[in-house]
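Remarks on the structure that follows.
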Amino acid sequence: MTSAHILGFPRIGAQRELKFAQEAYWRGEVSEATLRDTGSDLRARHWALQKQAGLDYVSVGDFAWYDQVLNTLALLGALPARFGFHAAELTLADYYVAARGNPQHFAMEMTKWFDTNYHYLVPEWTADLNFDGGVNWLFDELAEAQALGHQAKVTLVGPLSLLYLGKVKNGLSHSLDLLPKIIPAYQKLLARLQQAGVEWLQIDEPILALDLDAEWLNAFPLAYTALSAQTPKLLLATYFESVKDRAELLHSLPVAGVHLDLVRAPQQLPALLENWPQGRVLSAGVIDGRNIWRADLSSLLKQLQPAHAQLGEQLWIASSCSLLHVPVDLAYETALDEESKNWLAFATQKLTEIVALKQALNGNATAVVTQFDAAESAILSRRNSSRIHNMMVKKRLAAVTAKDAERHHVFAERIGKQQQRFQLPLFPTTSIGSFPQTKTIRQARAAYKQGRLAHLEYLEAMRAEIRLVVAQQERLDIDVLVHGEPERNDMVEYFGEQLWGYGFTLNGWVQSYGSRCVKPPFIYGDVYRPEAMTTSWSEYAQSLTSKPMKGMLTGPVTMLQWSFVRDDQPREATALQIALALRDEVTDLEKAGIGMIQIDEPAFREGLPLKRKDWAAYLDWAVRAFKLCSAGVKDDTQIHTHMCYSEFNDILPWIAAMDADVITIETSRSDMELLEGFGEFAYPNDIGPGVYDIHSPRVPRVAEMQRLLQKARSVLPDARLWVNPDCGLKTRDWPETIAALENMVQAAKLLRATVTADEEHQDCC
Ligand code: GLN
Ligand code: ZN
């Protein structure tokens, strides 16, 4: 009989119970015991769901008090040494200090888990780490599941992925140097799990889907041979990309099973089935753990049949990856219309899809015939719905020419006309868009949404906010102003709500990090802009000042990247549709007299495929999408873009190819190191490297920002340099915002004065 399982279930709870319990605990409102109770309730509930759905194993080890990587470190006794915690006596309070920091210790760094929007805490590898054992939480959770009568499959981040995802710190030259210490630690764990009666251990090695150097690849046989001595049966899990090129290595490892992501990379199956080792389990990840569409059960069944014929009960059915990346339960979507609700499946619904496939393979086709029929009619309904297809959009996209994505003239020509129009001083100052989102703003927005505030009153409340933001910027003597974005709760949702083709959920929360959850919209149909989205705000803001006011849009790649996307057309097509909608907005802003338009692309870099060989194809359409939305303007209209959160040095030619007149980027946290690449590459257009970190409430001193600017000047020409913060200011309070911007403007002015003085000096002598 074929078995069914998942690689992990979302831990936050259908109503974000874990988030609320954590935050109450952090505020000191509830005890640790209450928080722990919430944790066990959630685990029990999620296991019950898995069992009731008919999975053969429940997933243990996918729960974490903040993050699964941090939990693994706590288990191994490998939290960063700088905290000085006693590994075996680590408390939950200590754990949260590592995750969130406190006045004595800065928090561990956080970064994106592969190409997802989930952030893990980055291990800090130092030579003094001993991995000599940590907390018993995993074993307690296992005992909990066993006591509830569940057949538990334990999941663990594998040793090589863990090492790979950490950062090497002082005293160590390479993370693999820790291998001789981490392997015995895992050996101990595995032996203990075996003693505790665990039959299967899912050991996640997602790095197998990345481009890996030989040293990492060679470490696999070594590590897994060492682990195979005394252990539950090992199910080695790969996901997020194909491991086709690793078939030989995978086949040679002494493991009892291998999991493949057949949603992201279905084409890898035949290659891996060739020479599949005798008796080894293949866990086929066919139900999408990264998206919310209902599965096409009949075609999946067909796809699985050859593998089933070859492997029989050694074929398992699974989610493609952990369900961590999708919302918990569609049942809470009471506001969605029946038609589109029927197209979707969240984590809970995906459990039944997995089981239906298993039953069909096991010859119980009659038991699941209604489920297959329902899936089939949902697929057909989605395929044929008039809400999906908009001929106007399709025709327009088909008619797009290369010329549409090019400005009339090159930057060198445009910038002269722009300078003439705007008359900006050297080192012009600006900000990234948002200003503090105060309680008053949020309350007004909420009241409007709930119908408690009438339309005109809402407009007036937002306009009052814009007046305030403009007045403050004028007082601060900033050169290029923004309206402050008070009308936006979220930079993607705000636009999605005004575009056809976008859907929204009430409760579709997905964990982003710790207690923070996001509720991505979903794009189901051809994207179409029925009317202008931002012009009235920008026009009003511009009417208040004679200084240039930047229009503010979210770019096509970010609109795509931070949403659940259609799986019935390439991402590229969706991105270009969004670009066309934004292009109309850009044109409307220009017509309304807005001379500078910023198109934010903070997610540009995170859209990069995991494998380098796929980069060029992505960058090609991503750049094209940006240019398509931005290139329809006159030479003297200045296009800005903004990017943050990432390293750009390896994609600089493409960032330059976007051909924005001005790019503002996050650089202060890396002490302008990021900028060196821009200098070496001789980035041609204007650039505003962030001179202070907006993530911290600390007010930067003038001298600090001057130093950063001098650093920037050493790699960039003065004429190209702008002065601005790292990112938007919406999470900050007013007093610190004013103080920081005051200092920033002063830093720019002082610099202007010295440069002018130098020039005069040169002129006269
Ligand atoms: N314009 C947006 C803001 O200032 C940009 C946000 C971002 O880069 N994430 O808030
Ligand atoms: Zn930003």
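Just so we're on the same page, the working numbering is the position in the sequence shown counted from 1, plus 20.
Ideal placement from N, C-alpha and C gives every residue a C-beta, glycine not left out.
Outcome for residue i when other beta-carbon atoms lying within 10 angstroms are tallied against a minimum of 16
| i | result |
| --- | --- |
| Pro448 | buried |
| Ser342 | buried |
| Met21 | exposed |
| His106 | exposed |
| Ser556 | exposed |
| Asp82 | buried |
| Gln215 | exposed |
| Thr684 | buried |
| Gly453 | buried |
| Val430 | exposed |
| Ala534 | According to the sequence as given, residue 534 is Gly; it is not Ala. With 16 or more other Cβ atoms within 10 Å, it is buried. |
| Lys611 | exposed |
| Glu49 | exposed |
| Val389 | exposed |
| His409 | exposed |
| Gln470 | exposed |
| Pro143 | buried |
| Asp308 | buried |
| Val475 | A small fix is needed here, since residue 475 is His in this sequence, not Val. Looking at its Cβ environment, which holds fewer than 16 other Cβ atoms inside 10 Å, His475 is exposed. |
| Thr594 | buried |
Cut-off 8 Å between Cβ atoms - residues of its own chain near residue i, not counting five sequence neighbours on either side
| i | result |
| --- | --- |
| Pro673 | Phe701 |
| Trp236 | Leu180, Tyr184, Leu196, Ile227 |
Coarse secondary structure for residue i, derived from DSSP in three states
| i | result |
| --- | --- |
| Asn91 | helix |
| His170 | coil |
| Ala684 | The sequence given here has Thr at residue 684, not Ala. Here Thr684 sits in strand by DSSP. |
| Ala702 | coil |
| Gly332 | helix |
| Ile758 | helix |
| Leu213 | helix |
| Asn763 | helix |
| Gln470 | coil |
| Pro347 | coil |
| Ala234 | helix |
| Thr22 | coil |
| Val50 | coil |
| His409 | coil |
| Pro448 | coil |
| Ile32 | coil |
| Lys750 | coil |
Of the residues the options, the one placed nearest residue i, counting alpha carbons only
| i | options | result |
| --- | --- | --- |
| Asp224 | Lys201, Asn238, Leu185 | Leu185 |
| Gly613 | Ala257, Gly571, Ala432, Thr92 | Gly571 |
| Val301 | Ala285, Leu331, Ala315 | Leu331 |
| Asp316 | Ala376, Ala351, Ser360 | Ala376 |
| Thr751 | Asp510, Gln581, Glu626 | Asp510 |
| Pro200 | Asn190, Leu602, Leu183, Asp604 | Leu183 |
| Val538 | Ser558, Gln581, Trp520, Tyr560 | Gln581 |
| Ser193 | Asn150, Thr146, Lys208 | Thr146 |
| Ser26 | Arg310, Arg772, Val722 | The sequence shown places Ile at residue 26, not Ser. Cα-wise, what sits closest to Ile26 is Arg310. |
| Tyr703 | Tyr244, Val278, Arg721, Phe668 | Phe668 |
| Lys415 | Asp546, Asn91, Leu473, Arg102 | Asp546 |
| Leu519 | Glu686, Thr776, Phe542 | Phe542 |
| Asp656 | His428, Ile461, Asp357 | His428 |
| Lys423 | Ala768, Gly652, Ser360 | Gly652 |
| Ser583 | Trp220, Thr607, Tyr514 | Tyr514 |
Cβ-based neighbour list, residue i, same chain, cut-off 7 Å, excluding 5 preceding and 5 following
| i | result |
| --- | --- |
| Leu282 | Leu289, Ala304, Gly305, Val306, Ser340 |
| Leu639 | Ile671, Trp674 |
| Ala165 | Trp67, Val78, Val80, Ala172 |
| Pro456 | Leu749, Lys750, Arg752, Asp753, Trp754, Thr757 |
| Thr565 | Val490, Glu494, Leu501 |
| Val765 | Thr449, Leu496, Asp497, Ile498 |
Contact set for residue i: own chain, Cβ-Cβ below 6 Å, skip 5 residues either direction
| i | result |
| --- | --- |
| Leu381 | Thr22, His328 |
| Glu621 | Gly575, Val577, Thr578, Thr661, Met663 |
| Asn87 | It is worth fixing the name first, because residue 87 is Asp in this sequence and not Asn. Cβ neighbours of Asp87 beyond the five flanking positions: Tyr140, Leu141. |
| Lys437 | Asp655, Asp656 |
Threshold first: 4 residues or longer. Then list the alpha helix (DSSP H) segments lying entirely within the segment 584-669, N to C. Runs found: 591-611, 635-650.
Just to confirm the assignment: which complete alpha helix (DSSP H) runs, minimum length 4, are found wholly within the segment 715-745? Listed in chain order, the alpha helix (DSSP H) elements of length 4 or more contained wholly in the segment 715-745 are 722-733.
In chain order, what are the residue ranges of uninterrupted alpha helix (DSSP H) at least 4 long that sit wholly in the segment 248-327? Fully enclosed alpha helix (DSSP H) runs of 4 or longer: 267-272, 289-293.
Ignoring anything shorter than 3 residues, give me the beta strand (DSSP E) runs that lie fully in the segment 108-134, in order along the chain. Positions of the beta strand (DSSP E) runs, each at least 3 residues long and wholly inside the segment 108-134, are given as 130-132 in order along the chain.
Output the residue ranges of the alpha helix (DSSP H) runs that lie fully inside the segment 460-523 and measure 4 residues or longer, sorted by chain position. Taking only runs of at least 4 residues, the alpha helix (DSSP H) segments lying wholly in the segment 460-523 are 475-496, 513-516.
Output the residue ranges of the alpha helix (DSSP H) runs that lie fully inside the segment 538-584 and measure 4 residues or longer, sorted by chain position. The DSSP assignment places complete alpha helix (DSSP H) segments of no fewer than 4 residues inside the segment 538-584 at 555-563, 576-581, in order along the chain.
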